[in-house]
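Per numbering that gives the first Met the number 0, the very first residue in the sequence shown carries number 0; after that it's consecutive. The block underneath contains the structure these notes are about, expressed in structure tokens.
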Amino acid sequence: MIRHGLAMTAALGALLVFSAPASALDTDAFLDRLQAVMAEQGTNVAWAEIDQYDNDAGQPVIGLVDVNVEVNGEGATVPLVELIEVTEQGGGWRIGTLYVPEFSNQDGDNSVYLSDIAIDGMLLEPEGQENAYGGVMFYEAVRMGEVAVTAKGEDVFTMQDLAIEIDLPAGGEPMVFRGAADAFTAKPGAAEDPKTRAMAAALGYSDISGSFVIDGDWDPASGLLRMTRYDITVDDAGTIGISLEIGGYTPDFIKSLREMQARMLANPGADDSARGMAMLGLMQQLTFHSARIHFYDDTLTSKVLEFAAQQQGARARDVANQAKAMVPFMMMEIGDQQLTAQATTAVSAFLDNPGNLVVSAKPPAPVPFALLMAGAMSAPQSLPQTLGVAITANE
Numbered sequence: 000m001i002r003h004g005l006a007m008t009a010a011l012g013a014l015l016v017f018s019a020p021a022s023a024l025d026t027d028a029f030l031d032r033l034q035a036v037m038a039e040q041g042t043n044v045a046w047a048e049i050d051q052y053d054n055d056a057g058q059p060v061i062g063l064v065d066v067n068v069e070v071n072g073e074g075a076t077v078p079l080v081e082l083i084e085v086t087e088q089g090g091g092w093r094i095g096t097l098y099v100p101e102f103s104n105q106d107g108d109n110s111v112y113l114s115d116i117a118i119d120g121m122l123l124e125p126e127g128q129e130n131a132y133g134g135v136m137f138y139e140a141v142r143m144g145e146v147a148v149t150a151k152g153e154d155v156f157t158m159q160d161l162a163i164e165i166d167l168p169a170g171g172e173p174m175v176f177r178g179a180a181d182a183f184t185a186k187p188g189a190a191e192d193p194k195t196r197a198m199a200a201a202l203g204y205s206d207i208s209g210s211f212v213i214d215g216d217w218d219p220a221s222g223l224l225r226m227t228r229y230d231i232t233v234d235d236a237g238t239i240g241i242s243l244e245i246g247g248y249t250p251d252f253i254k255s256l257r258e259m260q261a262r263m264l265a266n267p268g269a270d271d272s273a274r275g276m277a278m279l280g281l282m283q284q285l286t287f288h289s290a291r292i293h294f295y296d297d298t299l300t301s302k303v304l305e306f307a308a309q310q311q312g313a314r315a316r317d318v319a320n321q322a323k324a325m326v327p328f329m330m331m332e333i334g335d336q337q338l339t340a341q342a343t344t345a346v347s348a349f350l351d352n353p354g355n356l357v358v359s360a361k362p363p364a365p366v367p368f369a370l371l372m373a374g375a376m377s378a379p380q381s382l383p384q385t386l387g388v389a390i391t392a393n394e
């Protein structure tokens, strides 16, 4: 009988051990650390109330009510911030999802409304320990359901379904990021300037819609940052995009930049020349590898030519020829005959048959930013050759 009782006790003990959580979350310690980390990022946060509950999916939630967010002395109140599935990790914490159902801010006749904001996989390092990214808080994904900007009671900008994802570096591979917004709208026809409104109406762009996409990667070890694509498309107008590659963007550089920004905010009346010299010293760590700006036409060019022709009482073909003739004169200040010839040829080809126009820069070897800044001040005419600038059309 005694043996049976001991066996039952052991079994019950084992059941309790394996069914109980490994450790209860220290909510106070976690929230203190969250405030400290946000302050390190230049954002002060405080809340009026803390509520803990399970959401409809059965996930544990720490709800922060009436959260005051202050950046650079300017603040706003967020009604509710949900911290979902917070777990301890490596002495710090991981926030499964930071979720804000909605936020709005009114300033006179203007307002901003955001909804369904979610940040997944936020990591808080233990106190006294920096992460591998220069102290910038890491997250795995950001999602936003809607953005609406209103001026004088009219929606002047909206965006739906913004999503950004970041892959944590592993096995020596770079950090990969990608993002997109399925749709945005804007209303140039609501501009205060009557000339802008009239031009937008004449071009058929009083209301515009479009989308954007961004891709790239960053190698913290080498400091190589590549934005391989950042394209903004306006429907029935065209796509403008940029790609960029720079070196020296290391975690140490990011940390130094953050520290400098913090000092500037703490001393707003400091000598601007000293700030400029400090920034120049920091920028010397960066190197320029390449850049590319492109425009893919989707009827915008022909509409602009027709509009200009109507204003002049001429034909669109005549306006295009005038623009072609102006290119060599506009390029004279640069003083690079080869680039002037490229620009003249490219613009002529583009205006005759609008397809795409590309300006690229790719030097034979990476160029330190310090050398670029020195060249810009002493011999700006040499920069196109230094950077390997090229202008092409209809590639």
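Where is the CB? At the ideal position from N, CA and C, for every residue including glycine. Quick caveat: nothing in here was measured; it's all calculated off a predicted structure.
DSSP state of residue i mapped onto helix, strand, coil
i: residue 237; result: strand
i: residue 382; result: helix
i: residue 225; result: strand
i: residue 47; result: strand
i: residue 108; result: coil
i: residue 31; result: helix
i: residue 136; result: coil
i: residue 158; result: strand
i: residue 395; result: Nothing about residue 395 can be reported from this structure: the residues present for the chain run from 0 to 394 only.
i: residue 356; result: strand
i: residue 462; result: For residue 462 there is no data in the structure shown, the boundaries of the chain being 0 and 394.
i: residue 298; result: coil
Cβ-based burial, residue i [other Cβ within 10 Å; buried from 16]
i: residue 64; result: exposed
i: residue 76; result: exposed
i: residue 246; result: buried
i: residue 314; result: exposed
i: residue 394; result: exposed
i: residue 29; result: buried
Residue i at chain B interface by Cβ criterion, 9 Å
i: residue 116; result: Here there is only one protein chain, and chain B is not present.
Top-ranked residue by Cα proximity to residue i, from the options
i: residue 161; options: 47, 128 and 118; result: 118
i: residue 116; options: 181, 80 and 85; result: 80
i: residue 379; options: 285, 51, 334 and 110; result: 334
i: residue 46; options: 61, 185 and 271; result: 61
i: residue 332; options: 316, 208, 383 and 262; result: 383
i: residue 128; options: 169, 299 and 32; result: 32
i: residue 135; options: 186, 329 and 258; result: 258
i: residue 59; options: 86, 71 and 40; result: 86
i: residue 91; options: 232, 225 and 25; result: 25
i: residue 392; options: 83, 251, 356 and 373; result: 356
i: residue 359; options: 241, 231 and 208; result: 241
i: residue 263; options: 278, 132 and 253; result: 278
i: residue 102; options: 96, 95 and 111; result: 111
i: residue 215; options: 193, 105 and 163; result: 163
i: residue 250; options: 70, 381 and 284; result: 284
Boundaries (first-last residue) of the beta strand (DSSP E) holding residue i
i: residue 209; result: 207-218
i: residue 62; result: 59-70
i: residue 392; result: 388-392
Residue span of the alpha helix (DSSP H) that contains residue i, given as start and end
i: residue 78; result: That residue, residue 78, is in no alpha helix (DSSP H); its beta strand (DSSP E) goes 73-88.
i: residue 198; result: 193-202
Inter-stretch contact at 8 Å, needing at least 3 Cβ pairs: the segment 138-148 / the segment 158-178: yes
Segment contact, 8 Å Cβ cut-off, at least three pairs: the segment 179-194 with the segment 204-211: yes
Segment contact flag, the segment 368-375 with the segment 295-309, C-beta cutoff 8 Å, min 3 pairs: no
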